[in-house]
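Numbering (the working numbering), first residue to last: 3 to 159.
We put the CB at the ideal spot given by N, CA and C, even for glycine.
Presented below is the structure to which this report refers.
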């Protein structure tokens with residue numbers, strides 16, 4: 003028997019694996035890699051008719067979830083774009099405010115409107131240091147960006 007003979011096995015990937023393939027791909031790997039690493043860790047299935055059907059069902063379910071998530075994000079984007087929030091700040095002259103408007107303040111104002119988002123999804127291009135009306139991008143993921151109208155008003159003392 004030849005020692006260096008490679009025995010290959012075809013597997014169906016359950017997750018994306020860098021340099022190997024994406025979820026649902028059928029790849030050919032060394033037998034030992036499949037049996038000792040991929041299959042025991044739940045990263046792949048052996049390629050059988052039953053597993054091909056299982057993966058096909060998983061793909062359809064995954065696509066449905068993905069579409070539902072995109073619809074949810076689009077709906078949220080429309081809701082965010084349709085409202086305008088007001089933040090009151092102390093001023094030291096007619097238009098300049100103390101400090102600047104922060105992502106946390108915008109997040110809190112959105113929370114009061116019933117919208118909970120991560121502050122990291124709020125994109126402020128330049129620091130907001132004056133009274134006025136601003137448009138702030140809210141990146142919701144999946145290439146969906148909402149435009150939020152922000153009013154910075156003088157806080158009455």
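Fill in: Ordered list of beta strand (DSSP E) runs contained in the stretch 31-71, each at least 3 residues
Runs found: 46-48.
Worksheet entry | Within the stretch 69-108, ranges of the beta strand (DSSP E) (whole runs, at least 3 residues) | Counting only runs of 3 or more, we get 86-91, 98-103.
Item to complete: Would you kindly report the start and end of the unbroken beta strand (DSSP E) that includes residue 143?
Response: Where residue 143 is concerned, the enclosing beta strand (DSSP E) stretches over 134-143.
Discussion item. Distance check for residue 143 and residue 14, CA to CA, integer angstroms please.
Written reply: Residue 143 has its alpha-carbon roughly 28 Å from the corresponding atom of residue 14.
Discussion item. Looking only at its chain, what residues have a beta carbon closer than 6 Å to the beta carbon of residue 30, apart from the 5 residues adjacent to it on each side?
Written reply: The beta carbon of residue 30 is closer than 6 Å to those of 10, 12 in its chain, skipping five residues each way along the sequence.
Worksheet item: Is the stretch 45-60 touching the stretch 100-117, taking contact as three or more C-beta pairs under 8 Å?
Response: By the C-beta criterion, the stretch 45-60 is judged not to be in contact with the stretch 100-117, since fewer than 3 inter-stretch pairs fall below 8 Å.
Worksheet entry | Inter-stretch contact (C-beta, 8 Å, three-pair minimum) for the stretch 112-132 and the stretch 140-154 | Flag = yes, the stretch 112-132 and the stretch 140-154 touch.
Fill in: Check whether residue 150 and residue 87 have beta carbons under 9 Å apart
In contact: residue 150 and residue 87 (Cβ atoms closer than 9 Å).
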